[in-house]
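First up is the structure itself, then whatever we jot down about it.
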Amino acid sequence: MTNNQISLVELIQIFTQYRNNIIVNIKHLQEHYQRTGIKRVKGIRNENGELLQPWLRAEYIDNAEYVSMGEFQFNRNTATLNMLIKRKVKLAKFEDQTPTIEVAGLLVNDLNTFNNYTIVSDGKINVKSLVVKISSKKAFDLLKEKGILDAEEFDFHAEHIIQLDNLPLVAANSYYNSIDGLFNELAEIKVLISIISAHLRKESDVFVVGQLDEFKKHYLSKNVYINFPTTNEYTDIHEALVNGTLESRFSYKIDVGSQDILNFSKFPSANKFLNRMYRLYDRITGEIFIKPSFEMAFNENLAVRHRLLSSRTKITKVDELMKPIFDDFLGLEQNGIVGGILKKVGADSLAQLLQDKQTGKQINKEEMVAALTVAHKKLEQYAENIYQDKISPLVFYIGSTGLLPDQMQATAMTAEEAAAKYPNLQFSKDEQEGTFFAVGDSIISIYAKTEYYSKLLSVGVDN
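In case it helps, this note's numbering puts the sequence shown at residues 209 to 671.
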């Protein structure tokens, strides 16, 4: 690094600070963009492999050369940095381009679509440069001071080419805080998010069932986001590899876990855990529901008890972490863990409703759905803040440099060595070939997975 040269991470921080004052040439970005995954196309394939197009399509309203600067996000377990760009679109019939103005009593002629552009992929620059215009002299002066711009005078009409591929990805003196306790905190939050998501799969705090059905027919989610079905462009990956339209690469996954649980992939879904550990039954008839799910939770006659486990059932550390949260949420044990998590993230309304429910008070379904929805958003945001502030930058540093930060002293272990020292850890096939580091009460694991990507340059990429 030269004296005035900043890292890409520091540049992204400036972009984020002044994102309302910087616009990006989207045409230039699309023309020079290399896809980092397999290209997906809108539609579904029939039994013969033929692509069936959706009956609606999305058309850009702006169709402009420049768009607002996107929001930047680090990937959670690879050295990858994405820029999410939001654009306005309208729906129109695929056959004759007739616009769709209204769905379920809601105007849909001003919707948003989101495209993810990968700036850094697995520690390597994927977007070499951005062409931008800058409307803030403060932003211009700061970028010039940092050696990013060559222009002498501020001109809000001027286009600037910002080179990204000549910057170090991270600063040499980067410092990262301790990650002790973060995995267990996130694990509790993720388990609760999974429970709430399972409750809300077919519920909305705004729309009724008939409206949700209309949204689904028009490829809209219950949050009124466009949600077209997509499928891989290639029906035969091997053939695409042979003819050169598809290539493979190693993607290095970097996970933070505990000395008992290697990473979050070890956690089952809420409904799967419910089915394994609990029985749901009708309190009036005694009928046991064969395939229980949290969608049934709004049935007033529903009751729950622990499932009688066979002697062959092995209780894992994941089970031991999840069970107290489920027991508390389901009202089988009042240990206070759910209320504590909810109050920590500011979801007091759900904490109060669950407490009222445990005392036998009748809870209105609409009120519960509204409280669950608010709690879900707050839990997701709390978890995202931990990732973006504390975990993802560390993952990015390790994946970009191949090193742990200087302040994290640890000796590399193989899977066999880690398993011998921490016998509760469970390893997937890919993880068995990985490298592991004990850092405080955490385990950092690094392992490779084969990923495929479409080789040709792509326009209008949606990763």
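C-beta atoms are modelled at their ideal positions from N, C-alpha and C, and glycine is treated no differently.
Just so you know, these numbers come straight off a predicted model, no measurement behind them.
Item, Value
"Per DSSP, which one or two residues make a beta bridge with residue 320?", "296"
"Taking the CB atoms as reference points, tell me whether residue 412 and residue 430 lie closer together than 8 Å.", "yes"
"For residue 253, which of helix, strand or coil comes out of DSSP?", "strand"
"Under a three-way DSSP split, which group does residue 242 fall into?", "strand"
"Is residue 569 closer than 8 Å to residue 539 when the C-beta atoms are compared?", "no"
"So, using beta-carbon positions, are residue 230 and residue 277 closer together than 8 Å?", "yes"
"Roughly how many whole angstroms lie between the Cα atoms of residue 654 and residue 330?", "12 Å"
"Could you check the C-alpha separation between residue 218 and residue 306 for me, to the nearest Å?", "46 Å"
"How is residue 228 classed by DSSP in three states: helix, strand or coil?", "helix"
"Taking Cβ positions, are residue 236 and residue 339 nearer each other than 8 Å?", "yes"
"Tell me whether residue 655, by its Cβ, gets closer than 7 Å to a heavy atom of the ligand NAD.", "The ligand NAD is not part of this structure, which contains no ligands at all."
"Counting Cβ pairs closer than 8 Å, one from the stretch 462-476 and one from the stretch 388-403, do we hit at least three?", "yes"
"Is it true that the CB of residue 325 sits closer than 8 Å to the CB of residue 381?", "no"
"Just how far apart, CA to CA, sit residue 666 and residue 524?", "Model confidence at residue 666 stands at a pLDDT of 45, short of 50, so the residue's coordinates are unreliable; what they give is reported in the following sentence. C-alpha separation (whole angstroms): 45 Å."
"Please determine if the stretch 293-308 and the stretch 335-350 are in contact, where contact requires at least 3 C-beta pairs separated by less than 8 Å.", "no"
"Are the stretch 402-422 and the stretch 244-262 touching, with three or more C-beta to C-beta distances below 8 Å?", "no"
"Specify, as a first and last residue, the run of the beta strand (DSSP E) that residue 268 falls within.", "264-268"
"Could you tell me the alpha carbon to alpha carbon distance between residue 260 and residue 443, rounded to whole angstroms?", "14 Å"
"Does the beta-carbon distance from residue 285 to residue 571 come in below 8 Å?", "no"
"Buried or exposed: residue 239, going by 16 or more other Cβ atoms within 10 Å of its Cβ?", "exposed"
"What does the alpha-carbon distance come out to for the pair residue 547 and residue 405?", "17 Å"
"Short of 6 Å in beta carbon distance, which residues of its chain neighbour residue 481, apart from the five on each side in sequence? Order them along the chain.", "530"
"Whole angstroms are fine: how far does the CA of residue 587 sit from the CA of residue 596?", "14 Å"
"Under a Cβ-count criterion, where at least 16 other Cβ atoms within 10 Å of its own Cβ denotes burial, should residue 593 be classed as buried or exposed?", "exposed"
"How long is the line joining the alpha carbons of residue 328 and residue 390, rounded to whole angstroms?", "25 Å"
"What is the residue span of the beta strand (DSSP E) that residue 647 lies within?", "643-647"
"In angstroms, rounded to a whole number, what distance separates the CA positions of residue 671 and residue 251?", "Low per-residue confidence applies at residue 671: pLDDT is 44, beneath 50, and the placement is therefore not dependable enough to give any value."
"Report the rounded CA-to-CA distance for residue 449 versus residue 245, giving the unit in angstroms.", "13 Å"
"Can you name, in chain order, every residue of its own chain whose Cβ lies under 8 Å from the Cβ of residue 537, other than the five neighbours on each side?", "400, 403, 546 and 562"
"Please state if the CB of residue 656 and the CB of residue 641 are separated by a distance shorter than 8 Å.", "yes"
"Candidates 354, 370 and 375: which alpha carbon is nearest residue 332's?", "375"
"From residue 418 to residue 559, what does the alpha carbon distance come to, in whole angstroms?", "30 Å"
"Going by C-alpha to C-alpha distance, which of 221, 551 and 622 sits closest to residue 354?", "221"
"So is residue 388 buried or exposed if we call it buried at 16+ other beta carbons inside 10 Å?", "exposed"
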